[in-house]
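Quick notes on the structure that follows.
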Amino acid sequence: QHERVIIIGGGAAGMSAAAKARRSNPNLELVAYERSGYVSYGACGLPYAIKGEIARIEDVVVRTPAQFAKQGITALVRHEVLALDTVAQTLEVRNLETGVTFTDHYDKLLIAAGGSPSRPPIPGANLPGVFALRNVEDALAIQAWIHQHRPSQGVIIGGGYIGLEMAEALAVHDIELTIVEQLPQLLPSLDAEMAAHVHAELERQGVAIQTGQGVSAINGDDRVREVIAGATSFPAEIVIMAVGVRPNVNLARQAGITIGPTGAIAVDDQQRTNLPNVWSAGDVTEAINLVTGKPTWVPLGTTANKQGKVAGENLAGGAARFGGIVGTSVVKIFETTAASTGLTEARAKAEGLAVKTASATANSRAHYMPGHADIHVRLVYEAGSGRMLGGQLVGHEGVSKRIDIIAAALHAGWSVEQLGELDLAYAPPFSPVWDPILVAANLAK
Ligand code: FAD
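See the structure below:
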């Protein structure tokens, strides 16, 4: 009899693992349980689907259950895993269509349950017209609301990257927006001086920003009407709650699986949990931060795919390893791109490191080329050794690939001086002869 591999969660991590396990071992029985109606969807594309840049929301689906079936992978949507017994190696599953609950057995298990949007207990948060965005169904609901109610005013609660992507997505639908963020700045992946450029872009685009004030209530009747923050009422016919994400660790915790210091599932470098025959990957899982050497939780699709691939190989009997992450991210905010990797100055200080920074504003292309624009660069490095700790970039063009140069430097453990010596490509349409990264690195003392 063939080994039975069960995967909890049919997102990026779960289905990458399934596909890799299948390629590595054609004889495995592979079953993925997914509680939503879709597997293998690119959640990252959802804001652009709501914006209308992608024709249909379902276009973010990479592969359907029927396509997985052709590979011999059983992907069961609308099936929720309710409980896990890691001694008997069984799970209790509910078919959400029929309401029938049944027991399944695994030889090997992958927990790839992902994360869920945080839902702070704000009165009125359940009113019709208040949404969080995580999966295809959420996006379909937001789209339907916009079409049905044609909201003219909206509030986005939370100024992280999903909140900012949704600002752009909703603005296209002629919705006048306010972003309410309780911290003093938007985008915690940036130091304050870099976030200021993002604030400026949003204001240029007509989006109001209210920082330093948490939302105390959401009011309405049969639907949402206003959001209260401090002493101010913001009229709203649509509200997006984007106040962060939490790892879905309840099943794992109840089953005795070790939860790490970050609140996500602790794994070794082969994605194994503390329990035999149980692996974990994706947003429900920690990773090692290569800059600090400590566990970190940065729930991103990039990591979910990589951890899923490693877990998939190991479910099939392999010994693949996942080295860790530096926490690289990029976000488009209307005409501006903001990117970050490694530690911010604030984060590095919180880690007890002796930090220095070097900042520069330089041209994205040769100054005589039409279309050139400022790129703001901020490098964070260790005093004394000069070891690179992180970097941030904000600008109109050329940001997304330049952040990857800094990410590579972090993986390599380079100093800021080594970064400043790189032989980077130059021609006038692409960069100035001194690339903005080199300009900033050469300002480091
Ligand atoms: P998930 O995608 O959360 O998948 C887990 C699945 O498990 C879910 O489908 C869930 O329904 C299912 N599940 C949970 N519990 C159970 C259960 N008990 N039984 C059955 N099924 C269960 N990342 C980037 O790198 N770049 C981006 O630009 C980016 N943009 C994003 C934009 C948005 C709007 C969102 C929401 C996320 C974005 N991300 C981005 C993050 C990225 O989508 C996630 O990191 C990635 O989806 C994680 O994959 P995962 O498989 O670990 O988790």
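In full-length UniProt numbering, the protein residues as written are 5 to 449. All C-beta atoms, glycine included, are put in the ideal place defined by N, C-alpha and C. These figures come from a predicted structure and were not determined experimentally.
Q: In the DSSP assignment, find the beta strand (DSSP E) that holds G312 and state where it starts and stops.
A: Counting along the chain, G312 sits inside no beta strand (DSSP E); it lies in the alpha helix (DSSP H) bounded by residues G305 to L319.
**Q.** Top-ranked residue by Cα proximity to L279, from P30, A92 and H83
**A.** That would be A92, whose Cα lies nearest to the Cα of L279.
**Q.** Three-state class that DSSP yields for L100 in the structure shown
**A.** Coil.
Q. Between the segment 307-317 and the segment 268-283, do at least 3 Cβ pairs fall closer than 8 Å?
A. Touching, yes, given that three or more Cβ pairs across the two stretches are closer than 8 Å.
Q: Could you tell me the boundaries of the alpha helix (DSSP H) in which R257 lies?
A: According to the DSSP assignment, R257 belongs to the alpha helix (DSSP H) that extends over N254 to Q258.
Q. Considering W283, what are the terminal residues of the alpha helix (DSSP H) in which it resides?
A. Where W283 is concerned, there is no enclosing alpha helix (DSSP H), although the beta strand (DSSP E) it sits in stretches over V282 to S284.
(Q) So A53 and V64 are supposed to be a Cβ contact under 8 Å. How far apart are they, rounded? (A) Taking C-beta atoms under 8 Å as the contact rule, A53 and V64 qualify, at a distance of about 6 Å.
Q.
Please return the same chain residues whose Cβ sits closer than 8 Å to the Cβ of V403, not counting the five positions on each side in sequence.
A. Excluding sequence neighbours, V403 sits near V334, T341, A342, A343, I379 and L397.
Q.
Based on DSSP bridge pairs, tell me the residues matched to E180.
A. Looking at the DSSP assignment, E180 forms a beta bridge with Q157.
Q: State yes or no: is the C-beta of R57 nearer than 7 Å to some heavy atom of ligand 1?
A: This sequence places Glu at residue 57; Arg is not what is there. False, no ligand heavy atom lies under 7 Å from that Cβ.
Q. The alpha helix (DSSP H) spanning D108 covers which residue range?
A. D108 -> not in any alpha helix (DSSP H); beta strand (DSSP E) instead, spanning T105 to H109.
**Q.** Range of the contiguous alpha helix (DSSP H) that encloses E205
**A.** Element bounds for E205: A196 to R208.
Q. Got a sec, what are the start and stop residues for the beta strand (DSSP E) P239 sits in?
A. For P239, the enclosing beta strand (DSSP E) begins and ends at T236 to P239.
Q. Do L50 and ligand 1 come close, with the Cβ less than 7 Å from some heavy atom?
A. Yes, the Cβ of L50 comes within 7 Å of a heavy atom of ligand 1.
Q) Between N446, G56, A411 and I232, which lies nearest to I126 when the distance is taken from Cα to Cα? A) If you compare the alpha carbons of N446, G56, A411 and I232 with that of I126, the shortest gap goes to I232.
Q: Please determine if the segment 158-176 and the segment 40-56 are in contact, where contact requires at least 3 C-beta pairs separated by less than 8 Å.
A: Cβ pair count under 8 Å is three or more, so yes.
Q) Would a C-beta distance cut-off of 8 Å place L131 and V228 closer than the cut-off? A) Contact flag set, yes.
Q: Check whether the Cβ of A145 lies closer than 7 Å to any heavy atom of ligand 1, and answer yes or no.
A: Not so, every heavy atom of ligand 1 lies at least 7 Å from the Cβ.
Q: Report whether the distance from the Cβ of I166 to the nearest heavy atom of ligand 1 is below 7 Å.
A: True, at least one ligand heavy atom lies under 7 Å from that Cβ.
Q. So what's D427 in DSSP terms, helix, strand or just coil?
A. If DSSP states are grouped into helix, strand and coil, D427 belongs with coil.
Q | DSSP beta-bridge partners of D378 | A | Among the bridge pairs identified by DSSP, D378 is matched with N367.
Q) Mind checking whether the beta-carbon of N252 lies closer than 7 Å to any heavy atom of ligand 1? A) Proximity of the beta carbon of N252 to ligand 1 is indicated: a heavy atom of the ligand is located closer than 7 Å.
Q. Given 8 Å as the limit, is there contact between the segment 131-146 and the segment 186-203, that is, 3 or more CB pairs closer than that?
A. Touching, no, given that fewer than three Cβ pairs across the two stretches are closer than 8 Å.
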